[in-house]
Amino acid sequence: GQPVVADVQKYSFSSDGNAVDAGFDLSGLRNMGAGSSSSTHGYVAAGGTTSEALVNIIDKFAFAASSNATDIGDVVQQRCRLAGHSSATYGYTSGGTTAGAGTPYYNNIEKYSFSSDGNATDVGDLTVGRGSDGGGGSSLTHGHTAGGYAAGSSNVIDRFSFSSDGNATDVGDLTVNVRHLVVASETNYGYAAMGYSNTVTIQRWS
Numbered sequence: 042g043q044p045v046v047a048d049v050q051k052y053s054f055s056s057d058g059n060a061v062d063a064g065f066d067l068s069g070l071r072n073m074g075a076g077s078s079s080s081t082h083g084y085v086a087a088g089g090t091t092s093e094a095l096v097n098i099i100d101k102f103a104f105a106a107s108s109n110a111t112d113i114g115d116v117v118q119q120r121c122r123l124a125g126h127s128s129a130t131y132g133y134t135s136g137g138t139t140a141g142a143g144t145p146y147y148n149n150i151e152k153y154s155f156s157s158d159g160n161a162t163d164v165g166d167l168t169v170g171r172g173s174d175g176g177g178g179s180s181l182t183h184g185h186t187a188g189g190y191a192a193g194s195s196n197v198i199d200r201f202s203f204s205s206d207g208n209a210t211d212v213g214d215l216t217v218n219v220r221h222l223v224v225a226s227e228t229n230y231g232y233a234a235m236g237y238s239n240t241v242t243i244q245r246w247s
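Quick note: the sequence shown uses the numbering used here, first residue 42, plus one each step.
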């Protein structure tokens, strides 16, 4: 199986420097989950304890406290290698797989509330099911799922609305097909970096 840890680390936005242990842990060992953030809490949804043993847990931890994360609900589809997104009021997950070659690639878009603890609900589908850590981005109004893997690395950029539940639409392509990428978001652009594509390119889309 793959190495798994429960550590939560943090690093400063105001000054450059190394990450430090935040002083608390997730509720259990896991990897390949999806992260989301409210203004006060961090969330980690789904993932696995190894590459073959999956969990459906949604963990929540406070930014202002030092206590361990708590399990506050479940995702609908147990899976790993999924993308995470954040609106002002909900955390979202999209895509994912059950791990291993030849296993299903999911198109699920799920959301869970930041204001009250509870299970996620399935609110729509991506244009194509894919896993292998498709990158999750968030604007103020939409979630974006970029890249990933389904019978080959993908270049698809999907977008779905935060204001109304529904399916994603294909709104563009990355410059290269890539999986295992990292996506960062600002108000006007999504950025994709790293990934399994033999490139050091940093890409962005509006």
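All C-beta atoms, glycine included, are put in the ideal place defined by N, C-alpha and C.
Would you kindly report the start and end of the unbroken beta strand (DSSP E) that includes residue i?
i           : result
residue 65  : 61-71
residue 237 : Careful: residue 237 lies outside any beta strand (DSSP E) and carries neither H nor E.
residue 127 : 124-127
residue 102 : 98-103
residue 47  : 46-51
residue 85  : 82-86
residue 111 : 111-115
residue 76  : 75-78
Would DSSP call residue i helix, strand or coil?
i           : result
residue 144 : coil
residue 245 : strand
residue 170 : coil
residue 164 : strand
residue 134 : strand
residue 58  : coil
residue 139 : coil
Should residue i go down as buried or exposed, given a rule of 16 or more other Cβ atoms within 10 Å for buried?
i           : result
residue 134 : buried
residue 158 : exposed
residue 48  : exposed
residue 60  : exposed
residue 233 : buried
residue 64  : exposed
residue 148 : buried
residue 54  : exposed
residue 243 : exposed
residue 105 : exposed
residue 161 : buried
What residues are listed by DSSP as bridge partners for residue i?
i           : result
residue 154 : 131
residue 89  : 72, 95
Legend entry - Completely contained beta strand (DSSP E) runs for the region 172-233, where each covers 3 or more residues: 176-179, 183-187, 197-202, 210-214, 223-226
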